Amino acid sequence: MRRWVEHEPSGPVMQHNADATESCCGPAARRARCTQMLVLCALVAAGPAYAAENDDAWFEALIDPETASAREGETEPGAPPPTDDASPGDEAAQTLPTIAVEPLDEEAPAAAPHREAARPRIEEIVVTARKRAESLQDVPLSVTALSGRDLVDTGHADLTGIADTTPNVEMESISPGITFTYIRGIGTRRFDPGVDQSVATFVDGVYRGRPYSIAADLLDVERVEVLKGPQGTLYGKNTIGGAISITTAPPTDFWTGRLDYEYGVSSVSGDHLDNYSLIASGPLMTDTLGLNLALSRRQRDGYQAVLDDDPPDGQVRTDVAGGSEDAWNGKAKLTWSPLDSTTVRFAGSINRSDGPPPVFAPNDYGNPDARLMLQSPLIPRPEFTGDPRVAVSNEDPLHTRIRIATASTVIEWLGESTSLTSVTGYERSGYSERSDTDGSGLDALGHTVDERAAQITQELRWTIDWDRVQLMLGGFYGEDQIERSEGFDLGRDSIIALLNAGQAAFIDFTTDLDSYSLAVFGQANWDITTRLALTLGLRFSSDEKRLHLRSENDAILPPAVFGLVIEEYDIATQRRWNSVDPLASLSYQIADDVMVYATYSTGYKSGGFQWAAFSESAARRLFDPERVANHEIGAKTTWLDRRLQLNASLFRMDYEDLQVVTFDGGSIVPVSIAQNAAESTVQGAELEATALIGDDWAVDLSYAYLDAVYDDYLQDPDDPETQRAGNRLARSPEHTWSAALRYSSSLGPGLLSARLGYSWKGEYFWEPDNNSPPRDEIEPALGLWDASVQYRQGPFTISVWGQNLTDETYRALVLDIGPTNLVGQPNVIYDAYAAPRTMGLRIAYEWSE
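Its first residue numbered 1, the sequence shown is counted upward by one per residue in my numbering.
Dropping the structure here:
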């Protein structure tokens, strides 16, 4: 791993290496790479243990030259050690427990006065991934933890920033309510009620079901944990691809506060950011009642101009811009401890977000014959802007509006060796959108969404802690009620008008969904010896969906005629799915700072129904649950007196009935189709490392290899040419890596800290057909630089940050409506672009009692 850090720091060099790797991507090559990573994983685990027995001076010299130089003067092996260097506290200092939360005893022996002050060590990270506080290095799971404050200080306004440093995690947002999240190649491309999310999000232990409900900013977020693979025996709501657990800050023991103001600009003229936040926290009654309040406002002008008509006649609209935002967010948390053994936490939040819908730019991939979505074959194709920062829309108005209100109550009772926890969550949300789907000045296709949702969840957990066994039993109930209206304006310039006597038509699809989830789960951890531990878990899940689906239209032609194109229907259906999923994990502590583990688990995601079905038969076509068997081995290690931390994992996930979403471009109206791929295999490796260099510098490194392919997937059951076996899964780059250099030191009366980061990911495909036929469906390799500098003196902090420093233009989403339309003409694809270079200045003032 050192080689690419030292000799290949730039994106182009890594691109060259990735291209070379692509030329050797057969099954034998993949098996060879996995074998190599297995050997590397073993070396990671064995290295510290070997160093404990042998003087690993060569590695110490690499990380800490000063210490290595001092070692040159030590006596030869076998000679009596110098007595003036011995200290009663030396040995104890080397065997301190990993988690040290209690202060040292004042009467403990002091270190010898001649010894140097303790050198910096890697900060301990405490996580709750297994529903109890423990060191990240003691958790036999693939989990990455990030500080919410660090994400904000580096310029990230939302959760998408975690993808920059977390191996095998992809997150992109194209509007306030649409964020695509993929972990190890598994994610969900749809946001309607018909399909569950593959990656679940929890806030303070409460499941957030609707994908736009996590659109709130990182206000007062203490920690974000990313768990990879199926999570079922510890979390109430089942999740198959992974989980993102967000923990907000609790009330403090004394009154504190923080006021932030941030101003930023991007490389696009006229794009400005104005962000404010205020946090106040403290006790209302000492040791009994505490309060935390937080409020924020985010505003951005936008970085994608929108013309009111096609070039050359179009003028820039002043009422909408792609990438703009106006959001309010308020949070409150009340902690009450009526008894020493009982704690009650009440939390509530309100979020209001206004912005544009997804703004897409048509892309004809060099084919002048490519047609817009639903464009009539009798109308010439309009001219495109040719500028990724300029789009066209004649729809008025264009908007996305999100309203969310949440409330939760967590009650914890602690006994001598047992505890009871109740987690109750409630959420009401609304989402509305108006967009121009054809992306032009034509009157072809407009899209309207209006959704209202309510969710209630209840989770109970009982834990027992015996001498060598820890047991947790739990139950979960969740209920969702969603009413969603999906409207399509089929204008006079659309192909539908030809079938409707030249007139426009409006189609409305209404979904009423009642969804019920019930689960019982348990997990037991047995410390077989002081070093060997066995974990066993089991989960039973039952999911039921009751649907009422309606399709209506105002076509001029009678239903008997227009129904041949778009059918009206009013149906009710329901389905229940059950699953039993086990977990078995074995961990072994090779040395005090070296742990290896092996895990087997299964997971499942419930089935669902089609979105905006244009016929009754399609509306009744439900798809089956997907299931996965997950195998993982890993090592978590700490070297050189906690100055180097290196974690590694190898994984393989075998999917059955993987749910895949594509567009059927051959129908009269391109519609999203969800279906089950027969089999898919996802395997790979991940490395994460942190090293302290000297007293002021630190380096963070991560690398991921991902081999995600379809083993058997016939996309069109009637066309054997659409067999996708061997194709890579969408949004699954084979190689990703990141590196960051951090600096922190006193400067004058204050503290200066800085960070320079670089993240790189290889090319990937947007669709299961892997760009066949060619239509610009390959996203090129991408490298992004970011940087931040912060100076803190007393209560004031000033910081500057920059994202995408080299101003790369890249796509956050590609909408593919199929290679050809109904009459065999090639279709365009639609591109949504990510934010340009953005830089900001933040000033903060903190106070406390």
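Ideal Cβ placement from N, Cα and C applies to all residues, glycine included. Small disclaimer: the values here were computed from a predicted structure and weren't measured.
Short check: CB of residue i to CB of residue j, under 7 Å?
{"i": "A598", "j": "I633", "result": "yes"}
{"i": "E763", "j": "A781", "result": "yes"}
{"i": "T128", "j": "G537", "result": "no"}
{"i": "P377", "j": "V823", "result": "yes"}
{"i": "I829", "j": "R775", "result": "yes"}
{"i": "S173", "j": "T181", "result": "no"}
{"i": "I186", "j": "V224", "result": "no"}
{"i": "I482", "j": "L490", "result": "no"}
{"i": "L278", "j": "L259", "result": "yes"}
{"i": "L151", "j": "L218", "result": "yes"}
{"i": "N500", "j": "A453", "result": "no"}
{"i": "E552", "j": "E568", "result": "yes"}
{"i": "F509", "j": "A612", "result": "yes"}
{"i": "R643", "j": "L692", "result": "yes"}
{"i": "E222", "j": "A249", "result": "yes"}
{"i": "Y207", "j": "K228", "result": "no"}
{"i": "P357", "j": "S435", "result": "yes"}
Please report the Cβ distance between residue i and residue j, rounded to the nearest whole angstrom; I am assuming they are in contact, meaning their Cβ atoms lie under 8 Å.
{"i": "Y431", "j": "E451", "result": "4 Å"}
{"i": "D807", "j": "T154", "result": "Contact flag wrong, Cβ pair sits at about 17 Å."}
{"i": "K545", "j": "Q574", "result": "6 Å"}
{"i": "R401", "j": "D354", "result": "6 Å"}
{"i": "A832", "j": "F360", "result": "5 Å"}
{"i": "A519", "j": "F476", "result": "4 Å"}
{"i": "A704", "j": "T681", "result": "With a Cβ gap of about 16 Å, A704 and T681 do not count as contacting."}
Which partner residues of residue i appear in the DSSP bridge assignment?
{"i": "Y758", "result": "A739, W785"}
{"i": "S376", "result": "Answer by DSSP bridge pairing: none, since S376 is not bridged."}
{"i": "N275", "result": "E262, R298"}
{"i": "N525", "result": "Q470, T535"}
{"i": "G818", "result": "Note: G818 sits in no beta bridge, so no partner."}
{"i": "G634", "result": "Y597, S649"}
{"i": "R428", "result": "A405, A454"}
Taking its Cβ as the centre, do 16 or more other Cβ atoms sit within 10 Å of residue i, making it buried, or is it exposed?
{"i": "W466", "result": "exposed"}
{"i": "I507", "result": "buried"}
{"i": "D695", "result": "exposed"}
{"i": "M373", "result": "buried"}
{"i": "I272", "result": "Note that residue 272 corresponds to His in the displayed sequence, not to Ile. By the neighbour-count rule (16 or more Cβ atoms within 10 Å), H272 is not buried but exposed."}
{"i": "E885", "result": "The chain is shown only over 1 to 849; residue 885 falls outside these bounds and no answer can be derived."}
{"i": "N578", "result": "exposed"}
{"i": "Y845", "result": "exposed"}
{"i": "P745", "result": "Position check: residue 745 holds Ser in this sequence, whereas Pro was assumed. By the neighbour-count rule (16 or more Cβ atoms within 10 Å), S745 is not buried but exposed."}
{"i": "L442", "result": "buried"}
{"i": "S848", "result": "exposed"}
{"i": "V580", "result": "exposed"}
{"i": "G840", "result": "buried"}
{"i": "Y758", "result": "buried"}
{"i": "L284", "result": "exposed"}
{"i": "V561", "result": "exposed"}
{"i": "E626", "result": "buried"}
{"i": "R298", "result": "buried"}
{"i": "L687", "result": "buried"}
{"i": "V469", "result": "exposed"}
{"i": "P558", "result": "exposed"}
{"i": "D369", "result": "exposed"}
Out of the options, which one is the CA nearest neighbour of residue i?
{"i": "S517", "options": "E479, L499, L498", "result": "E479"}
{"i": "T457", "options": "A280, H447, S408, F651", "result": "S408"}
{"i": "V316", "options": "V392, S245, L219, R258", "result": "V392"}
{"i": "Y710", "options": "E679, T239, R184", "result": "E679"}
{"i": "K331", "options": "L640, T406, R742", "result": "T406"}
{"i": "F796", "options": "T188, T335, Y261", "result": "Y261"}
{"i": "G750", "options": "S799, I590, D319, E124", "result": "S799"}
{"i": "T342", "options": "D514, R531, T288", "result": "T288"}
{"i": "V410", "options": "R403, I404, L420", "result": "L420"}
{"i": "P211", "options": "S198, V221, E222, D220", "result": "S198"}
{"i": "I183", "options": "G194, S142, V221, H156", "result": "S142"}
{"i": "G257", "options": "P819, S281, G264", "result": "S281"}
{"i": "T188", "options": "G270, R837, M171", "result": "M171"}
{"i": "A675", "options": "T681, Q683, V682, F663", "result": "In the sequence on display, residue 675 carries Gln and not Ala. Among T681, Q683, V682, F663, the Cα nearest to that of Q675 is on F663."}
{"i": "W462", "options": "A524, R755, A444", "result": "A524"}
Can you confirm whether residue i, when its beta carbon is compared against all beta carbons of chain B, has any partner nearer than 7 Å?
{"i": "A454", "result": "This model lacks chain B altogether, as it is built from one protein chain only."}
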